[in-house]
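Just remember that the working numbering sits 313 ahead of the position in the sequence shown, which is counted from 1.
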Amino acid sequence: MDKTQMYADSAPVVPSARPVPTGQPAPPVRAATGGRRGWWWHLGEMAIAMLVGMVLLEPLWDAAGTLLGVGATLARPEVAALVMATNMTIGMSVWMRHRGQHWQGVVEMAAAMYVPFLLLFVPFRAGLLDGDALLLGGHLLMVPAMVLVALRHRHHPPTAVRRHPAVVALARRWPTGLALLMIVDIWVDPRVLSPWTMLVLPGGYLVIGLARRTLRGPRVLAIHLAGLAVWVALTLVAVAVSGRTAAWLVALGWLAHAGWDLVQHRTGRVVPHGYAEWCAVLDTSLGAVMVLAILTADG
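In structure tokens form, the structure reads like this:
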């Protein structure tokens, strides 16, 4: 028996087969869309998904260009425009399918990513536009193209999306996948980060804790302030000593913070579990890469 699960953002409303008794109001029918506010929210979600696609996939293109020796080709304006459109399309398409959008709308929205750049290739090839104007013009034309597609499909209800259990399990580990995608470039080119980057480690928890109001209580706040003091001191020592000793301090500082992340993930008091998972994977991976970079340099 097929164990593939069915998911949809909003299940379709099925009218009851039983007649409504006379004198009683009919049950309310849920609208297919959330009105004008929901439409703008959906458009904003797609814009964010496009930005996420660019941020996460750009390092993959850079790594591929370095490994395959095609970095100069990828840097050409017309190729860079198509790469950027591809990154935005992938991020947007994944999110639209997650939200239960049908494939026709996904394909048309993907066309809204590519067509503006393709139209500007003609004046670019004719020498009427430079590379910056090509990229800027393509992004400007993309906005009304997206709006037109979104307006065309604004009344379409979401569809059921078939997802294999393996895909669902991987989706639940999205913080891990996000962290690994963010460091693809440093895996290709291992290096030691600046000591000042260690200030981000405790800072993120304090900012999120203040925003979520989860630092209440003298014990919780004192623990995180103590952590801030430790990593500030470690940063200042690394800056003062410099050289190979500083590199080891930075690498060990990132690895040590992964232990802090695991504790926070277990308690879940200050930050969401997803953030703690993402931070733990990111800290561990970056620390391991920096250790590799130090050992390689020593060799």
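No residue lacks a Cβ here, since even glycine has one placed at the ideal position from N, Cα and C. Treat the numbers as computed from the prediction; the structure is a model and nothing was measured.
Member of the options whose CA lies at the smallest distance from the CA of residue i
{"i": "MET511", "options": "TRP544, ALA394 and VAL602", "result": "TRP544"}
{"i": "GLU358", "options": "ILE536, HIS411, ALA376 and LEU370", "result": "HIS411"}
{"i": "ALA560", "options": "VAL462, GLY413, GLY522 and LEU506", "result": "LEU506"}
{"i": "ILE496", "options": "THR399, ILE361, SER598 and GLY366", "result": "SER598"}
{"i": "GLU371", "options": "ALA360, THR399 and HIS452", "result": "THR399"}
{"i": "GLY540", "options": "GLY516, ARG529 and LEU381", "result": "GLY516"}
{"i": "TYR518", "options": "GLY490, LEU491, GLU590 and LEU493", "result": "GLU590"}
{"i": "TRP353", "options": "ILE536, LEU464, LEU442 and HIS452", "result": "LEU464"}
{"i": "VAL368", "options": "PRO457, GLY384, ASP498 and LEU538", "result": "ASP498"}
{"i": "ALA388", "options": "LEU448, VAL456 and LEU453", "result": "LEU448"}
{"i": "PRO457", "options": "ARG532, ARG526, ARG485 and ALA424", "result": "ALA424"}
Beta-carbon proximity of residue i to residue j, cut-off 9 Å
{"i": "MET409", "j": "MET459", "result": "no"}
{"i": "LEU364", "j": "MET401", "result": "yes"}
{"i": "HIS466", "j": "GLN417", "result": "yes"}
{"i": "GLY444", "j": "PRO390", "result": "yes"}
{"i": "ALA376", "j": "VAL501", "result": "yes"}
{"i": "PRO488", "j": "GLY587", "result": "yes"}
{"i": "ALA362", "j": "MET405", "result": "yes"}
{"i": "VAL552", "j": "TRP509", "result": "yes"}
{"i": "LEU547", "j": "LEU534", "result": "no"}
{"i": "LEU433", "j": "LEU442", "result": "yes"}
Beta-carbon proximity list for residue i, same chain, < 8 Å, skipping 5 on both sides
{"i": "PRO503", "result": "VAL602, MET603, LEU605, ALA606 and THR609"}
{"i": "ILE403", "result": "GLY366 and LEU370"}
{"i": "ALA542", "result": "none"}
{"i": "THR379", "result": "VAL501 and ASP502"}
{"i": "THR386", "result": "GLY378 and VAL392"}
{"i": "HIS537", "result": "PRO515, TYR518, LEU519, GLY522, LEU528 and VAL583"}
{"i": "LEU618", "result": "Only positions 314 to 612 of the chain appear in this structure, which leaves residue 618 out of reach."}
Own chain partners of residue i with C-beta closer than 6 Å, once the 5 adjacent residues on each side are dropped
{"i": "GLY600", "result": "ALA564, TRP567 and LEU568"}
{"i": "ALA514", "result": "In the sequence under discussion, the amino acid at residue 514 is Leu, which differs from the Ala named in the question. Within the same chain, LEU514 has close Cβ partners TRP544 and HIS570."}
{"i": "ALA360", "result": "none"}
{"i": "GLY336", "result": "Only weak support is given to the placement of GLY336: the predicted model assigns it a pLDDT of 47, under 50, and the question is left unresolved by the model."}
{"i": "GLY556", "result": "none"}
Other residues of its chain near residue i: CB distance less than 7 Å, five sequence neighbours each side excluded
{"i": "ALA419", "result": "Here residue 419 is Val; the residue named in the question, Ala, does not match the sequence. Hits under 7 Å: SER406, MET409 and ARG410."}
{"i": "GLY530", "result": "none"}
Min CB distance residue i to chain C below 9 Å
{"i": "ALA551", "result": "Of the protein chains in the structure, only one exists, and it is not chain C."}
Does the count of Cβ pairs from the stretch 588 to 603 and the stretch 565 to 575 closer than 8 Å reach three?
Between the stretch 588 to 603 and the stretch 565 to 575 there are three or more C-beta pairs closer than 8 Å, enough to call the two in contact.
Which ranges would you report for the alpha helix (DSSP H) in the stretch 397 to 464 if only whole runs of at least 4 residues count?
Segments of the alpha helix (DSSP H) lying fully in the stretch 397 to 464: 416 to 438.
Entirely within the stretch 513 to 576 and at least 4 residues each: give me those alpha helix (DSSP H) ranges in chain order.
The alpha helix (DSSP H) runs of length 4 or more contained entirely in the stretch 513 to 576 are, from start to end of the chain, 513 to 525 and 531 to 554.
Can we say the stretch 381 to 394 touches the stretch 430 to 446, given the rule of at least three CB pairs closer than 8 Å?
Yes: at least three Cβ pairs fall under 8 Å.
Report yes or no: do the stretch 579 to 586 and the stretch 515 to 523 share at least 3 C-beta pairs separated by less than 8 Å?
Segments in contact, yes.
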